[in-house]
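Worksheet for the structure shown next.
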Amino acid sequence: MIDLPILDAQPYPSKYPWYDVSQYLRKGLSPFAPGSVAASVDGNFVHYSFMVLVNRVDPDLSVHYLMNAIHPSLRVAANGSTTGWFSKPDGTDQSHRIEFGRVGWVAAIRFPSMGIKMADFHLVSLTMTGPRSKP
């Protein structure tokens, strides 16, 4: 059993619980709504569903990480990636590659080389399924 808060708005919480993993967000990031930063385990797979608000005045958001680490039981077995949607304050959206590291980090690795920082956006959303690391 994973010792994290379980979200209660789900049909089968005892079989495939979704865990609130918002405590792993970097400083300056917060869940869009209760339960909007979640992860679940289904056998050999781990699923992520994130909708994150960005505090654009926080100086710590010059970096490109959403999380530095996540619970060991919710990590991917190999580095993977997905497309994240990044919303700007003017209402425009951009898609960027988000990578998941097997040691638990979640980041937009290419941001620094593109001259982009997390504080350029106000909302980030993504979903991903990957092979689960052995807990």
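For the sequence shown, position 58 matches number 632 in our numbering, and the numbering has no gaps at all. Quick reminder that beta carbons are idealized off the backbone N, C-alpha and C, glycines included.
- Beta-bridge pairing by DSSP links residue 613 to 593 and 622.
- Closest option to residue 641, judged by alpha-carbon separation, among 685, 691, 687 and 681: 681.
- Under the three-state reduction of DSSP output, residue 682 falls in the coil class, being neither helix nor strand.
- Taking one beta carbon from each stretch, the segment 595-610 and the segment 653-669 have fewer than 3 pairs nearer than 8 Å; the two do not touch.
- Under the three-state reduction of DSSP, residue 636 is assigned to helix.
- For residue 672, the enclosing beta strand (DSSP E) begins and ends at 667-674.
- Proximity of the segment 586-600 to the segment 649-663 falls short of the contact definition, fewer than three beta-carbon pairs being nearer than 8 Å.
- Counting C-beta pairs with one atom in each stretch, the segment 641-650 and the segment 682-692 have fewer than three that are closer than 8 Å, which means they do not touch.
- The beta carbons of residue 600 and residue 639 sit closer together than 8 Å.
- In the three-state scheme derived from DSSP, where H, G and I count as helix and E and B as strand, residue 705 is classed as strand.
- In the displayed model, residue 646 falls within a helix according to three-state DSSP.
- Residue nearest to residue 674 within the set 652, 688 and 578 is 652 (criterion: CA-CA distance).
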